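Quick note: the sequence shown uses the UniProt record's numbering, first residue 1, plus one each step.
Even for Gly, the Cβ is constructed at its ideal location relative to N, Cα and C.
These numbers were taken from a predicted model, which means no experiment stands behind them.
To start, the structure itself, in structure tokens.
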Amino acid sequence: MAARKKSAKDAPSFQAIVQAARERRRKQDSTDEFFNKRAAPGGIRKAEPTRTTVTARRATREARLLSSALPEPDLNIKGRAMGPTAVLGSNFAPGTTAEDIQSAFEPVGGRMLRCRLVSTYPAVMAEMMFADRRGADDVVAKFNNQKVN
Numbered sequence: 001m002a003a004r005k006k007s008a009k010d011a012p013s014f015q016a017i018v019q020a021a022r023e024r025r026r027k028q029d030s031t032d033e034f035f036n037k038r039a040a041p042g043g044i045r046k047a048e049p050t051r052t053t054v055t056a057r058r059a060t061r062e063a064r065l066l067s068s069a070l071p072e073p074d075l076n077i078k079g080r081a082m083g084p085t086a087v088l089g090s091n092f093a094p095g096t097t098a099e100d101i102q103s104a105f106e107p108v109g110g111r112m113l114r115c116r117l118v119s120t121y122p123a124v125m126a127e128m129m130f131a132d133r134r135g136a137d138d139v140v141a142k143f144n145n146q147k148v149n
């Protein structure tokens, strides 16, 4: 089949394009008005200014003063978890094994669920999983920043 050439008859006129755009804009304005959306000329929406009354400002000011005078509720999240707790220990001597670390830390921290080496170079780093948070805290309190031979 031969391709059909577009003729000037098939192309929409400039006037038709302008009329279609005006019709679309009129319909959009009508829809915006129906849904209570205020549109500025040209389709750009402007935010409506908020009006505050003297009473509303006074109530807000009083609420701020009251909230600053009242003590903050005692909200403390730290230390709430009581399940298995992980401790990351680092700077162990080269050649230290997971079994060495477990045998040294279990007497202080209690039952250790898992001990695995995370890295061995340049220094040994191990992840220890204690059954109880208190045991993990005891290990950190005793061995943190301590030199061990």
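Item                                                                                                                                                        : Value
Buried or exposed: residue 83, going by 16 or more other Cβ atoms within 10 Å of its Cβ?                                                                    : exposed
Pick from 13, 145, 34 and 24: whose alpha carbon is nearest that of residue 91?                                                                             : 145
My parser needs the beta strand (DSSP E) runs of 3 or more residues fully inside the region 87-144; what are they?                                          : 112-119 and 124-130
Measure how close the beta-carbons of residue 116 and residue 126 come, nearest whole angstrom, since I'm counting them as under 8 Å.                       : 7 Å
Keeping to the same chain, check which residues put their C-beta closer than 7 Å to that of residue 136; ignore five residues upstream and five downstream. : 85, 87, 109 and 130
In angstroms with no decimal places, state the Cα-to-Cα distance between residue 13 and residue 20.                                                         : 11 Å
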